[in-house]
Amino acid sequence: MGKRSLFRNRAGVCACVLAVSLTCGISAEKTVTIQVESPPLQTFEGFGLHDGCTYLERYRDTVNSFFVKPLRATHARFYIAGPHVDSIKAAFLSRFGYSDGTTFFHDYLKQDPDLYFLIAGGEQMTSLAALEPFCTKWAEAVKWLKEDQGLDIRWTTLTNEPNDYGFEWQGQDPTKRKCAPEFYAPFAKTMRSVLDSYGLTDVKIFAPEVSSVDSMCHVYINLLKDDPEAWPIVEGLFTKAYNMCADWTMKELCEESGKPYFTAAGSNLIDWHNYRDHGIGKDDVEQEYFNDNDHWGADMCGRVFNDFNHMVTHWGWYLTAHRPDGFPYSDPRFNPHRLAYYVDTSMIAGTDLLGELSSLGYNTSQWFDLGDGTAYMMITLKYYYLKQLAHMFDVGCVFRYCESDPALPHADMWYTYGQKPAVSASAARNPDGSFTIGVVNLTGCTSDGFPVAGWHATPYFEYYDAERYDVTIRMHELIDSGPRRFAMYRSSRTERFEFVDSVTMTGGEMTISVDPKALVTLRGSGGSAVVAASASRFQRGSLGDVRAHKGMIDIAFANAGSYSIKLAGLSGRIVYTHRKFCCSAPAQYRIPALVPGCYVLRVSGRYRSMARRIVVQ
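Dropping the structure here:
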């Protein structure tokens, strides 16, 4: 714990004119500029939740009231599995159910009757012959959940984490993946056919639900894209983020396909047991042991802003309230995924719960009584970070692309293995016309203790040393809109989604100071019209014009540089690529001899891209 970063002060420093400066006692030592680009990108469909656990029945409404409404959840995801339909039903009722026949998902629906559900299952697919029996079992289970349990299930996975190898303790083959790549596209087509045969035409399929956005994630997606029948069947993309978050490839894919993009998890999951032979122990992997751990609040926000910046439309938190099976924690690897903890007298012998908790090492001042001394809860710090995000970025807001200093290793602030950005940010326009800007300072978070060696070439999580940052935000879209007031809110080790001050943006620019591991959000006033100063970031800097005529597409470049060009049909099939077109300004590029039809054109430069639908006559 508390290990120093192996990489010191790499962040590029840029000089900037401070339109507005807020400081907190001392001057910031570092500066960074966030460029907020137009045009608009994806529309946000809301935050979501995973399942929690059952509680003493008299407290079930109280516990669940902390999550759906306060976090403005629009959807919930849960996982069930079993060898046959009856076992799936039994597992659902056993895990989630109460004695009155309802489940805590019905408690969720009391909070919001419009809440809808995503469902995931898991089974190893080792042959084509296994696909239809599984899909049939799954369709019967989904139909039961919709009709008997009254759950509005709108999305289903194929199989959870298909790239993982089988679990021997579940009777699976540990030498084979959950779903062999060659079975994946047939799997999607079989699932769609079976769901339709059960009248479940409104239940959509998302994929690939891998644990991280890595090379295997792209393998499974490409398998679907290369099958002209399977790709339209998969109506949404879904990835988790135990380690690596949405990347540039996913961003381009969403822009080209128009598919919604779900993500879930939102925190790391490093199983240190896998590295015991190398002398790695649990203290070498950062865990969450106390409520005041602002590391995980900042880490979560870095992931959220990364995903917002890479076309994610639905962002889901993994675990809500946890009822530990053992103390002090049942499995500390999952602690970073938990928003709250719950204990009651049925779990600990005796009635002095606070005394029991104190003897187990908890700070009991962090726990509060739910009513009569028989049950207590603890809300983690990251809960308030997530609540702040949920109240600042409204459902229906439309994101803009944000880019930090181009001298940094990843100007798009990519959250992946190894070195994390010093500062990450996101921006969107809300349905009421207001703009929200979010900034998190990730410096000072605790790096993992994995040595750099041949068996592990880079640390999983590496953070810069703690530094306060002056963050200059430049919104090209608001250059000509006049002064604008923004309300500033902050979460940190000592603050829980608190209003700080009001600041003014002038000429589309302002500067704020952000402390290490702190989240700052800025919310403008609504109702005022905004005239975008530029219709496209490429039109402003690089791309002059695109025209389609007589079986050709002409692309005009205003600036010199290197660009890649890709043309795809609406099915996703690539019909033309040029990996590197180097030009001096001005320049023209022509794609000739095209069959009439509708295409998606992508032109990419360094950390910049444009996707546009083109109709060729």
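Counting with the working numbering, you get residues 606 to 1222 for the letters of the sequence shown. For every residue, glycine included, the Cβ atom is placed at its ideal position computed from N, Cα and C.
- Shown here, I693 sits in a helix according to DSSP, grouped into three states.
- The continuous beta strand (DSSP E) containing L723 extends over residues 721-725.
- For F811, the uninterrupted beta strand (DSSP E) segment begins and ends at 809-815.
- About 5 Å separates the CB atoms of F1004 and L646; that is less than 8 Å, so the two are in contact.
- Contact annotation, H680 with Y721: C-beta distance approximately 5 Å; criterion of less than 8 Å satisfied.
- Residue state for E861 is assigned as helix, using DSSP reduced to three classes.
- Residue state for R665 is assigned as helix, using DSSP reduced to three classes.
- By the CB criterion at 8 Å, C850 and R908 fall inside the cutoff.
- Taking a contact as a CB-CB distance under 8 Å, the pair E728 and T780 does not count as one, their CB atoms being some 17 Å apart.
- The criterion of a C-beta distance shorter than 8 Å is satisfied by A846 and A870.
- For Q775, the three-state secondary structure derived from DSSP is helix.
- For F1104, DSSP records a beta bridge to Y1094.
- Leaving aside the five residues that flank A746 on each side, the residues in its chain whose CB is nearer than 6 Å to its CB run, in chain order, V690, I693.
- No residue range can be given for I875, since it is assigned to no beta strand (DSSP E) and is classified by DSSP as neither H nor E.
- Under DSSP, no beta-bridge partner is assigned to N848.
- In this structure, DSSP gives K715 a helical state, which the three-state scheme calls helix.
- In this structure A1123 is not in contact with F1104, their Cβ atoms being roughly 14 Å apart against a cut-off of 8 Å.
- In the structure shown, C1050 falls within a coil segment according to DSSP collapsed to helix, strand and coil.
- Less than 8 Å divides the Cβ of D656 from the Cβ of F701.
- DSSP places K1025 outside both helix and strand once states are collapsed to three, so it counts as coil.
- For V909, there is no enclosing beta strand (DSSP E); the residue is part of the alpha helix (DSSP H) that begins and ends at 899-913.
- Beta-bridge pairing by DSSP links F683 to I724.
- Non-local beta-carbon contacts of S817 in its own chain, meaning distances under 6 Å to residues more than five positions away in sequence, involve Y847, N848, M849 in chain order.
- In this structure, the beta-carbon distance from S1118 to D1075 falls below 8 Å.
- Pairing L661 with A980 gives a Cβ-Cβ distance under 8 Å.
- The criterion of a C-beta distance shorter than 8 Å is not satisfied by T741 and T1077.
- Less than 8 Å separates the beta-carbon of M1080 from that of G1113.
- Residue nearest to Y946 within the set E860, W972, G960, Y1065 is W972 (criterion: CA-CA distance).
- Apart from the 5 residues on each side of it in sequence, A1173 sits with its Cβ closer than 7 Å to the Cβ of E861, I1179, V1180, Y1204, V1205 in its chain, given in chain order.
- Non-local beta-carbon contacts of K751 in its own chain, meaning distances under 7 Å to residues more than five positions away in sequence, involve I758 in chain order.
- Considering only S704, S1189, L858, C1050, the residue with the shortest C-alpha distance to D899 is C1050.
- About 6 Å separates the Cβ atoms of G841 and K809, confirming a contact at the 8 Å cut-off.
- Rounded to the nearest whole angstrom, the C-alpha separation of T707 and P941 is 29 Å.
- For the segment 952-1008, the continuous alpha helix (DSSP H) assignments of 4+ residues that do not extend past its boundaries occur at 958-964, 986-997, in sequence order.
- For F652, the enclosing beta strand (DSSP E) covers residues 651-654.
- Taken atom to atom, the span from the alpha-carbon of G884 to that of S1097 is near 34 Å.
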